[in-house]
Amino acid sequence: MAEQAGDPLFQSHDPIFDRKELLHVGHVPDEDRIVGRDDEIQSVAAEVGAITRGDPPNNVMIYGKTGTGKSLISRHVATRAQTAARDNEIDCGVLYIDCSEANTETRATRQLALSLKDQTGYQENIPLRGVGTMEYYQHIWGILEGFFDAIIVILDEIDKLDNSNILMQLSRAREAQKTDTYIGVIGISNKVKYRETLDERIDSSFGHRELFFHPYDASQLREIMRNREDAFQPEVLEDGTIELCAALAAKKHGDARKAIEILKEAGELARRTGSETVSEEHIQQAQEVAEINRIEELTSGATVHAKLALYALASRIITGDRETHKTREIYERYVGICNMVTTDPITENGLYRQLKEQAFLGVIESEKTGGGRSQGSYLLHRLVTDPKHIIKAVRRDDSLEELPAYDQLVETGHGTGNRDVDLTSFS
Ligand SMILES: Nc1ncnc2c1ncn2[C@@H]1O[C@H](COP(=O)(O)OP(=O)(O)OP(=O)(O)O)[C@@H](O)[C@H]1O
Ligand SMILES: [Mg+2]
Numbered sequence: 001m002a003e004q005a006g007d008p009l010f011q012s013h014d015p016i017f018d019r020k021e022l023l024h025v026g027h028v029p030d031e032d033r034i035v036g037r038d039d040e041i042q043s044v045a046a047e048v049g050a051i052t053r054g055d056p057p058n059n060v061m062i063y064g065k066t067g068t069g070k071s072l073i074s075r076h077v078a079t080r081a082q083t084a085a086r087d088n089e090i091d092c093g094v095l096y097i098d099c100s101e102a103n104t105e106t107r108a109t110r111q112l113a114l115s116l117k118d119q120t121g122y123q124e125n126i127p128l129r130g131v132g133t134m135e136y137y138q139h140i141w142g143i144l145e146g147f148f149d150a151i152i153v154i155l156d157e158i159d160k161l162d163n164s165n166i167l168m169q170l171s172r173a174r175e176a177q178k179t180d181t182y183i184g185v186i187g188i189s190n191k192v193k194y195r196e197t198l199d200e201r202i203d204s205s206f207g208h209r210e211l212f213f214h215p216y217d218a219s220q221l222r223e224i225m226r227n228r229e230d231a232f233q234p235e236v237l238e239d240g241t242i243e244l245c246a247a248l249a250a251k252k253h254g255d256a257r258k259a260i261e262i263l264k265e266a267g268e269l270a271r272r273t274g275s276e277t278v279s280e281e282h283i284q285q286a287q288e289v290a291e292i293n294r295i296e297e298l299t300s301g302a303t304v305h306a307k308l309a310l311y312a313l314a315s316r317i318i319t320g321d322r323e324t325h326k327t328r329e330i331y332e333r334y335v336g337i338c339n340m341v342t343t344d345p346i347t348e349n350g351l352y353r354q355l356k357e358q359a360f361l362g363v364i365e366s367e368k369t370g371g372g373r374s375q376g377s378y379l380l381h382r383l384v385t386d387p388k389h390i391i392k393a394v395r396r397d398d399s400l401e402e403l404p405a406y407d408q409l410v411e412t413g414h415g416t417g418n419r420d421v422d423l424t425s426f427s
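UniProt numbering applies: residue 1 is where the sequence shown begins, and numbers increase by one.
What follows is the structure, encoded as structure tokens:
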């Protein structure tokens, strides 16, 4: 028996988690915890690996949906290449830029220059403000020339950059005789559409290969979670919980981050409710919370009209008998809802654009349908997620919390099959 130490107000022993950090979002797992991405690791290594032999690398673009291991695998391969290069007495640097933060050329080059300086004994002062990209590039070339045979630059979330000049600069640096250092760029994006815009803007000097990371299937997600089971105390995870969590996450998005988050949230739930084990019921509840969080995150940048449009679609689905609805039908309900929250409605065309934006974010799916010869074609919209989650996520917006809750909608619509139920009866 361990003796109780310190203030009894604080439990000295966590009954659920042992090494919770394994489940943190930013946690970078060790090599032996990376599962199901052997081919991808090989492919990335094949593109940048020439560096380790003192040869020029290829640039590579990695595409794939969120949570498919793009950032993890890129960092992993780059670090291994660096070690292998050093074994061959090649000075190889690795630089990681998150372009969702460093989203302009100035910010990105400044960060590149500063982290290069950090990694070396570069003496010159690099100003934080008041200078342009030209000066940062000068520092970058200077440091590369002085300290490195090769570098791998990871530009994560590259689609957030306001222009792609940095790609051009990095890939042409040798040609333009800025430096002799070999530069390998790994660009990462979860927007496959970025590819088209990149092709237009970028010239052949980037000479990049493309890799696509696919969503994980249930068995891969299971393995990923099994490899972090020691985040929990022994015997805490009930049989079948990891399987259920993997199945739920695979069905939804094949997103490893979400799967891990659900597992962690389930543990938190168990602890909050004083349970000694994590059960399937905890996983189910955690999955709901995670899904609502995800929707809230996706729509966090959306206008109030987009949120009302989503609410309108969700409420029609709940009170009606169909999964898909025309723009016009959503618009009609949307106008009614605007009245309830005393907001002036935008035009139907404006609402249509908001719906398109949501389709791009993956909250809804829109499909063109031929309405027969006389009717012409029209769009049908469906929700990608449970309408209940949309209702909850939208109502988390302080200005929209007075909208009817899910249960109220169910009661109103129940048995009536009436898609045009009058929501204003709530106000
Ligand atoms: N193959 C894997 N083995 C173990 N853990 C993984 C694996 N793939 C992803 N993970 C974990 O899942 C989370 C998400 O992975 P990662 O950040 O690489 O996704 P991503 O594809 O970059 O997503 P996003 O597009 O949202 O940035 C991380 O915490 C990572 O540790
Ligand atoms: Mg990423």
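Built from N, CA and C at the ideal position, the CB exists for glycine as well.
Buried or exposed (CB count within 10 angstroms, at least 16 for buried), residue i
{"i": "F10", "result": "exposed"}
{"i": "S377", "result": "exposed"}
{"i": "G417", "result": "Reliability fails at G417, whose pLDDT of 46 lies under 50, so the model's placement of it is uncertain and no value is given."}
{"i": "M134", "result": "exposed"}
{"i": "A302", "result": "buried"}
{"i": "Q220", "result": "buried"}
{"i": "T181", "result": "buried"}
{"i": "D230", "result": "exposed"}
{"i": "T52", "result": "buried"}
{"i": "T273", "result": "exposed"}
{"i": "E329", "result": "buried"}
{"i": "F232", "result": "buried"}
{"i": "S427", "result": "Because S427 carries a pLDDT of 42, less than 50, the predicted location of this residue cannot be relied on, and the following value inherits that uncertainty. Its Cβ having fewer than 16 others within 10 Å, S427 is exposed."}
{"i": "D407", "result": "exposed"}
{"i": "T253", "result": "Checking the displayed sequence, the identity of residue 253 turns out to be His instead of Thr. With 16 or more Cβ atoms within 10 Å of its Cβ, H253 is classed as buried."}
{"i": "G415", "result": "Annotation note: pLDDT 47 at G415 (below 50); position unreliable, no value reported."}
{"i": "D159", "result": "buried"}
{"i": "F148", "result": "buried"}
{"i": "R322", "result": "exposed"}
{"i": "S12", "result": "exposed"}
{"i": "A176", "result": "exposed"}
{"i": "P57", "result": "buried"}
{"i": "S315", "result": "buried"}
{"i": "V185", "result": "buried"}
{"i": "R19", "result": "exposed"}
{"i": "F213", "result": "buried"}
Per DSSP, the bridge partner or partners of residue i
{"i": "M61", "result": "G187 and E210"}
{"i": "G370", "result": "S377"}
{"i": "D156", "result": "D98"}
{"i": "residue 466", "result": "The question about residue 466 has no answer here: the residues shown for the chain are numbered 1 through 427."}
{"i": "K70", "result": "In the DSSP output, where bridge partners are listed per residue, K70 has none listed."}
{"i": "G54", "result": "None, per the DSSP bridge assignment."}
{"i": "I151", "result": "G93 and I183"}
{"i": "H325", "result": "H381"}
{"i": "V278", "result": "L237"}
{"i": "F232", "result": "F17"}
Beta-carbon gap between residue i and residue j smaller than 8 angstroms
{"i": "D55", "j": "I97", "result": "no"}
{"i": "T299", "j": "L310", "result": "yes"}
{"i": "C245", "j": "L269", "result": "no"}
{"i": "I188", "j": "I154", "result": "yes"}
{"i": "G207", "j": "S164", "result": "no"}
{"i": "I16", "j": "H76", "result": "no"}
{"i": "I295", "j": "V363", "result": "yes"}
{"i": "E105", "j": "I152", "result": "no"}
{"i": "V44", "j": "I90", "result": "no"}
{"i": "V60", "j": "R257", "result": "no"}
{"i": "residue 430", "j": "E402", "result": "Past the edges of the chain, shown from 1 to 427, lies residue 430, and the structure says nothing about it."}
{"i": "K326", "j": "L409", "result": "no"}
{"i": "A247", "j": "D255", "result": "no"}
{"i": "Y122", "j": "G93", "result": "no"}
{"i": "A116", "j": "I143", "result": "Reading off the sequence, residue 116 comes out as Leu, not Ala. A contact, by the Cβ cut-off of 8 angstroms."}
{"i": "V394", "j": "E365", "result": "no"}
{"i": "D36", "j": "E196", "result": "This sequence places Gly at residue 36; Asp is not what is there. Cβ atoms of G36 and E196: not closer than 8 angstroms."}
{"i": "L351", "j": "H381", "result": "no"}
{"i": "L112", "j": "L95", "result": "yes"}
{"i": "N103", "j": "D39", "result": "no"}
{"i": "A266", "j": "H282", "result": "yes"}
{"i": "E238", "j": "T277", "result": "yes"}
{"i": "A150", "j": "A85", "result": "yes"}
{"i": "I62", "j": "L198", "result": "no"}
Exercise. In chain order, which alpha helix (DSSP H) runs of at least 4 residues are fully inside the segment 300-362?
Worked result: 304-319, 327-340 and 348-361
For this session: Scan the segment 118-142 and note each continuous beta strand (DSSP E) run of 3 residues or more that stays entirely inside, going in chain order.
Result: none
Problem set entry | Whole alpha helix (DSSP H) elements within the segment 237-271, 4-residue minimum | 241-252
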